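A.B. asks: I'd like to ask some things about the structure below.
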């Protein structure tokens, strides 16, 4: 059993994350749109695996053409109860295991998901051949600062992360499970997301300056970034 599912079944995930991170969704949706537009991808059907409260799809629903169909799947009933409040015509949510369906999409979204899954390799292989394109968002949690400050356990306890990635290991994991990487970029959650701690706000200036000089070095040193990946 993956750790996030364990927390969900004990009722701890909702207690620790009552909004299911819906407040982060505009930031994530913005970067999904950015990588799609950069690569001239215009899907007619969008499916999200592990959709949570459904706000990412809701944000995309508002910004993509009005003939695009959106579906979200999540095995957590608490998440789907939140997502159902966002349902509209062409925007639907299901308390169901996506991989038990025959659903196929132009675009599959896997946003901050497979780091929670015990057998992430089997999960990723299951994503293959279920869509034309896949967009992944992957926390890049291994950094010098995170190791020195022993921060990796924070995500494990609060949101159920089981796997921790650098850019190189994240991309290698996708390649090892059969994906062709088409494009990727960093997203700066530590800089752009709301309600960050004071120490994160103080670190924003050196992060911005160093990132302009050398992106990879900054991420390896200070952390605070994720990776948005377009694959097929």
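Numbering (my numbering), first residue to last: 8 to 239. For every residue, glycine included, the Cβ atom is placed at its ideal position computed from N, Cα and C. Just so we're clear, the structure is a prediction, and the values are computed from it rather than from any experiment.
Across the segment 74-84 and the segment 40-60, are there enough close Cβ pairs to call them in contact, namely three or more that are closer than 8 Å?
C.D. replies: In short, these stretches touch, since the Cβ pair count reaches three.
A.B. asks: Excluding the 5 residues flanking residue 192 on each side, which residues of the same chain have their C-beta closer than 7 Å to its C-beta?
C.D. replies: Cβ neighbours of residue 192 beyond the five flanking positions: 42, 235.
A.B. asks: Can you give me the C-alpha to C-alpha distance between residue 133 and residue 106, rounded to a whole angstrom?
C.D. replies: Roughly 7 Å between the two C-alpha positions.
A.B. asks: What is the residue span of the alpha helix (DSSP H) that residue 33 lies within?
C.D. replies: Here the alpha helix (DSSP H) through residue 33 covers 32-45.
A.B. asks: Going by DSSP, what residue range makes up the beta strand (DSSP E) through residue 100?
C.D. replies: Segment 98-102, the beta strand (DSSP E) holding residue 100.
A.B. asks: Does the structure place the segment 37-52 close enough to the segment 158-177 that three or more beta carbon pairs sit under 8 Å?
C.D. replies: At 8 Å Cβ cutoff, the stretches do not touch.
A.B. asks: Could you pull out every residue in the same chain whose Cβ sits closer than 7 Å to the Cβ of residue 228, ignoring the five residues on either side in sequence?
C.D. replies: Closer than 7 Å at the Cβ level, and outside the excluded window around residue 228, lie 150, 151, 152.
A.B. asks: Residue 50 to residue 70, Cα distance in whole Å?
C.D. replies: Residue 50 and residue 70: Cα-Cα distance of roughly 12 Å.
A.B. asks: In the DSSP assignment, find the beta strand (DSSP E) that holds residue 65 and state where it starts and stops.
C.D. replies: Note, residue 65: premise wrong, no beta strand (DSSP E); alpha helix (DSSP H) at 62-70.
A.B. asks: Grouping DSSP H, G and I as helix and E and B as strand, with all else coil, what is residue 195?
C.D. replies: Correct three-state label for residue 195: coil.
A.B. asks: Between 231, 190, 188, which lies nearest to residue 200 when the distance is taken from Cα to Cα?
C.D. replies: Closest by alpha carbon: 231.
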